[in-house]
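Contents: one structure, followed by commentary.
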Amino acid sequence: MKEREKLGSRLGFILISAGCAIGIGNVWKFPYMAGQGGGGTFVLFYLIFLALLGLPVMTMEFSVGRASQKSPVKAYYALEKPGQKWHIHGYITLIGCYLLMMFYTTVTGWMLNYFYMTATGKFQGLDSDGVAGQFTNMLGQPVTMGFWMIVVVIAGVFVCSRGLQNGLEKVTKVMMISLLVIMVVLAINSFTMDGAKEGLKFYLIPDFERMKEIGIISTITGAMNQAFFTLSLGIGAMAIFGSYIGKDHALLDTFVAITSGLIIFPACFTFNVDQTSGPSLIFITLPNIFNHIPLGRLWGSLFFIFMSFAAFSTILAVFENIISCGMELTGWSRKKSSLVNAIAIILLSLPCVLGYNVWSWDWLKVFGGAILDLEDFLVSNLLLPLGSLVYLLFCVSKRGWGWKNFKAEANTGKGFKMQEWMRVYLSYILPLMILFIFGYGIYDKFFA
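Start counting the sequence shown at 14; every next residue gets the next number (my numbering).
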């Protein structure tokens, strides 16, 4: 039997698993949720929940991956006791990875398209309505969106097809280090703007009055959700990289989320922009801002290449998951699994592209209006929380892998150690918190 590929370095592992977690949500969702939730108050709750929710489940995913030395589909087979059915979740993790890629490839295509449009000066000379019109135009053009989506899929699969060390690890190292450098440069540039002082104050100083406006429970739940979903837990995206416990990775992920706010808020205050305007902040507000500042085309291009890197890093990590599952399930070579999955993901991503134009149906309004919103709902509200719960129960339950086995694996090597006193929290309190996130997500979507 061919020996399983390994990552070449600890840095490679940290940067790849960070890349998986650093997605678009860190950049567009975190700042506007912090804006609505009282700035520093939200950031504080986010950090608390990251430690209480995110880190334990992430440790469990990594431990399952490392102990089994298998892809998420086969990991349960290696660790469960004879006759148990935990492995069913292994197949669901693969479905979750495909579902995530069905819309993430399209959104990454938007980022690349915006980089291209900014770099070539397509926004220059447009007023704010003109800039907003560009986004609407793009959504109405299935060929343009389809082109960029296919570019993303082919580039992602090509990198993964070259192998773990030569492809994924090499490219991710360059991309993630570039991403962090660009972020720091953009943040420093934001500090020099006229509205920097007010923007940073709005973002970092706790404001309980603003928090009360949207509701204390809503703010706390929002911070809990963001801390939980920011790590892409529950669909095996982390388990595949289970070679070390990536305590460092969560810190890097948080750095990106918080630094994105340092970039965005000073700009918003300088140009009197609504800081809580959500995803439109990225595609409508920021191109307007870049239009009105010195070297705006350069800063805009840098910002959208950074956004593309943030999105593409997740795509590479999840593609690696899908391709390795394909290899284990079928016995195919890496090249064959890459080719078959490239075709599959392009075809599966087409509904998301067409959902804004040819296939825009009224029944999707309950999810947000587009096929992308339905796919996002299935991943974020169902597969991630319930999948995390399965990993959690598998690691703490006598009917699963069991606390002793999990603790022994988690405590192998350097870094954070699981203590015996944590068992009560992980076995009884954390499952209830995850069920609350799941229940609240359903309530918020359909009944609020």
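Just so it is clear, CB atoms sit at the ideal spot from N, CA and C, and this is done for glycine as well.
Point to revise | Nearest neighbour of I455, chosen from A421, M124, L395 and P444 [CA to CA] | key: Mapped onto the sequence shown, residue 455 falls at position 442. The residue with the shortest Cα to Cα distance from I455 is L395.
Review point. Which residue spans inside the region 202-259 form an unbroken alpha helix (DSSP H) run of at least 4?
Key: 209-217, 221-227 and 229-242
**Study point:** Three-state secondary structure (DSSP) of G25
**Key:** By 1-based counting over the sequence shown, the position of residue 25 is 12. Helix at G25.
Review point. Roughly how many angstroms lie between the CA atoms of W161 and Q97, to the nearest whole one?
Key: The count along the sequence shown starts at 1 and reaches residue 161 at position 148. The count along the sequence shown starts at 1 and reaches residue 97 at position 84. Going from the Cα of W161 to the Cα of Q97 covers about 43 Å.
Practice item. Mind checking who G52 pairs with in its DSSP beta bridge? Key: Reading the sequence shown from its first residue, position 39 is the one you call residue 52. Per DSSP, P219.
Check your understanding: Taking buried to mean at least 16 other C-beta atoms within 10 Å of its own C-beta, is E226 buried or exposed?
Key -> Residue 226 sits at position 213 when you count from the first residue of the sequence shown. E226 comes out exposed.
Review point. Considering only residues of the region 345-407, which uninterrupted alpha helix (DSSP H) runs meet the minimum length of 4 residues and lie entirely inside it, listed in chain order?
Key: Inside the region 345-407, DSSP marks whole alpha helix (DSSP H) runs of 4 or more residues at positions 347-367 and 384-390, from first to last along the chain.
Exercise for review: Please classify E182: is it buried, with 16 or more other beta-carbons within 10 angstroms of its beta-carbon, or exposed?
Suggested key: Counting from one through the sequence shown, the residue named residue 182 turns up at place 169. With 16 or more Cβ atoms within 10 Å of its Cβ, E182 is classed as buried.
Practice item. Can you tell me which of the three DSSP states D142 falls into? Key: Residue 142 sits at position 129 when you count from the first residue of the sequence shown. Helix.
Check your understanding: Which residue's Cα is closest to the Cα of I450: L397, Y441, F460 and K417?
Key -> The residue given as residue 450 occupies position 437 in the sequence shown. Taking the Cα of I450 as reference, the smallest distance to any Cα among L397, Y441, F460 and K417 is reached at L397.
Exercise for review: Would you mind giving the Cβ-Cβ distance between W372 and I384, rounded to the nearest angstrom? I have them listed as a contact below 8 Å.
Suggested key: Counted from its first residue, the sequence shown places residue 372 at position 359. Counted from its first residue, the sequence shown places residue 384 at position 371. Sure, about 6 Å apart at Cβ, within 8 Å.
Review point. Apart from the five residues just before and just after F128, which ones in its own chain have a Cβ nearer than 7 Å to its Cβ?
Key: Here residue 128 refers to the residue found at position 115 of the sequence shown. If we look at F128 and ignore the five residues flanking it on each side, its Cβ neighbours are S314, F317, I318 and S321.
Practice item. Give the straight-line distance between the Cα atoms of I276 and L387, rounded to the nearest whole angstrom. Key: Position 263 of the sequence shown holds residue 276. Position 374 of the sequence shown holds residue 387. One C-alpha to the other measures close to 30 Å.
**Study point:** Short Cβ contact (8 Å threshold) for S362 with T54
**Key:** In the sequence shown, residue 362 corresponds to position 349, counting from 1. In the sequence shown, residue 54 corresponds to position 41, counting from 1. Not closer than 8 Å, so no.
Exercise for review: Check each candidate in I61, G51, L66 and I37 and name the one with the smallest Cα separation from L439.
Suggested key: Here residue 439 refers to the residue found at position 426 when the sequence shown is read from its first residue. Cα-wise, what sits closest to L439 is L66.
Point to revise | Inter-residue Cα distance where the pair is L399 and F419 | key: Here residue 399 refers to the residue found at position 386 when the sequence shown is read from its first residue. Here residue 419 refers to the residue found at position 406 when the sequence shown is read from its first residue. Cα-Cα distance, rounded: 19 Å.
Review point. Count the other CB atoms within 10 Å of the CB of D3; is the residue buried (16 or more) or exposed (fewer)?
Key: In the structure displayed, the chain extends from 14 to 461; residue 3 sits before or after that span and is not available.
Review point. What residues in its chain sit with their C-beta under 8 Å from that of K458, if we drop five residues either side in the sequence?
Key: For the purposes of this step, residue 458 is taken as the residue at position 445 of the sequence shown. Here the set comprises V379, F380, F390 and N394.
Review point. Can you tell which of P95, S337, A280 and K94 has its C-alpha closest to the C-alpha of T205?
Key: In the sequence shown, residue 205 corresponds to position 192, counting from 1. T205 has its Cα closest to that of A280, out of P95, S337, A280 and K94.
Review point. Got a sec? Which residues, its chain only, sit under 8 Å from V198 by beta carbon, not counting five neighbours each side?
Key: Here the question's residue 198 lines up with position 185 in the sequence shown. Within the same chain, Cβ atoms closer than 8 Å to the Cβ of V198 are found at L315, the five residues on either side in sequence being excluded.
**Study point:** Euclidean distance between Cα positions of P300 and N424
**Key:** Position 287 of the sequence shown, counted from the first residue, corresponds to residue 300. Position 411 of the sequence shown, counted from the first residue, corresponds to residue 424. Rounded to the nearest angstrom, the two C-alpha atoms are 47 Å apart.
Review point. For L152, which option in D140, G368 and N304 has the closest C-alpha, if you only look at C-alpha atoms?
Key: As a working mapping, residue 152 is identified with position 139 in the sequence shown. That would be G368, whose Cα lies nearest to the Cα of L152.
Review point. Taking Cβ to Cβ, would you say E93 is nearer than 8 Å to G344?
Key: The residue you call residue 93 lines up with position 80 of the sequence shown. The residue you call residue 344 lines up with position 331 of the sequence shown. Contact flag unset, no.
Check your understanding: With 16 as the cutoff for other CB atoms within 10 Å, does G259 come out buried or exposed?
Key -> For the purposes of this step, residue 259 is identified with residue 246 of the sequence shown, where counting begins at 1. Residue confidence is low: G259 scores 40 on pLDDT, short of 50, so the model does not pin down where it sits. No coordinate-derived value is stated.
Exercise for review: Would you kindly work out how many angstroms separate the C-alpha atoms of G50 and F43, rounded to a whole number?
Suggested key: Looking up residue 50 in the sequence shown gives position 37. Looking up residue 43 in the sequence shown gives position 30. Straight-line Cα distance between these residues: approximately 10 Å.
Exercise for review: Alpha carbon to alpha carbon, how far is K349 from L406? Give it in angstroms, no decimals.
Suggested key: In the sequence shown, the residue the question calls residue 406 occupies position 393. In the sequence shown, the residue the question calls residue 349 occupies position 336. If I take the Cα positions, the gap works out to 35 Å.
Review point. Q239: buried (16+ other C-beta within 10 angstroms of its C-beta) or exposed?
Key: Working through the sequence shown from its first residue, we reach residue 239 at position 226. The residue in question, Q239, is buried, as its Cβ has 16 or more Cβ neighbours within 10 Å.
Review point. What's the C-alpha gap between L125 and T149?
Key: If you number the sequence shown from 1, residue 125 lands on position 112. If you number the sequence shown from 1, residue 149 lands on position 136. Near 16 Å, if we compare the C-alpha coordinates of T149 and L125.
Point to revise | Inter-residue spacing [alpha-carbon to alpha-carbon] between D375 and P364 | key: Here the question's residue 375 lines up with position 362 in the sequence shown. Here the question's residue 364 lines up with position 351 in the sequence shown. If you take the alpha carbons of D375 and P364, they lie about 15 Å apart.
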